[in-house]
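Q: Numbering (the numbering used here), first residue to last: 814 to 925. Every residue gets a Cβ at the ideal spot worked out from N, C-alpha and C, and that includes glycine.
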Amino acid sequence: PGNVRELGNAIERAVVLARTDVLEIADLPPSLRETQAMSTAMGTFDTSYAHMSWLEAREAFEQSYIKEVLTKTNGNITHAAKVADIAWQNFHQKLKKYNINAKSFFNPKNRI
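What follows is the structure, given as C-alpha cells:
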C-alpha cells in the first residue's frame with residue numbers, strides 16, 4: 814500500500830508539473846528517475862550521499878528538492894507546498910531554515 818500510494822502521489826505531481834500533455838521521465842520525481850537509472854545501469858549504485866551523515870544527506874536532499882519544486886512552480890510557495898504534500902507553514906519554515914528565497918525562482922516567462 815505504501816508503494817502504491819507513493820506512486821500515485823508521484824504521478825499526480827508529475828501531471829501537475831508537466832509542461833506538455835505527455836509525461837516524460839524528466840517529469841517524475843528524482844527518486845523514480847534514480848530507480849530507473851539504477852535499473853538500466855544493471856545494478857550500479859549511486860553513492861553521492863555516502864560520504865555524508867544521515868542528517869547531512871537528508872538536509873542536502875531537502876534543499877535540492879525544495880529548489881526543484883520551486884523551479885517547477887515558478888516560485889509559488891503555496892503551489893510548491895501542495896506539490897510537496899506538506900503544510901504551507903512547514904514549507905515556509907524549510908525555506909527559512911535553508912535560507913532559500915522563493916522569489917528568486919520566479920520567471921515571468923513561465924507563468925503558472
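Could you give the distance in angstroms between the alpha-carbon of residue 820 and the alpha-carbon of residue 827?
A: As a first step, residue 820 must be located in the sequence shown, where it is residue number 7. As a first step, residue 827 must be located in the sequence shown, where it is residue number 14. Answer to the nearest angstrom: the Cα atoms are 10 Å apart.
Q: If you drop the 5 nearest sequence neighbours on each side, which residues of the same chain put their C-beta closer than 6 Å to that of residue 836?
A: Position 23 of the sequence shown, counting from 1, holds the residue named residue 836. If we look at residue 836 and ignore the five residues flanking it on each side, its Cβ neighbours are 827.
Q: Residue 905: which of 921, 832, 831, 888 sits nearest, CA to CA?
A: To locate residue 905, count along the sequence shown from 1; it is residue 92. Comparing Cα-Cα distances from residue 905 to each of 921, 832, 831, 888, the minimum goes to 888.
Q: Would you mind working out which of 919, 877, 833 sits nearest residue 907, comparing C-alpha positions?
A: Here residue 907 corresponds to residue number 94 of the sequence shown, with the count starting at 1. Residue 877 is the option with its Cα nearest to residue 907.
Q: Do you know offhand how far residue 829's Cα is from residue 882's?
A: Taking the first residue of the sequence shown as 1, we reach residue 829 at position 16. Taking the first residue of the sequence shown as 1, we reach residue 882 at position 69. For residue 829 and residue 882, the distance between alpha carbons rounds to 11 Å.
Q: Can you tell me the Cα-Cα spacing of residue 902 and residue 863, whole angstroms?
A: If you number the sequence shown from 1, residue 902 lands on position 89. If you number the sequence shown from 1, residue 863 lands on position 50. If you take the alpha carbons of residue 902 and residue 863, they lie about 31 Å apart.
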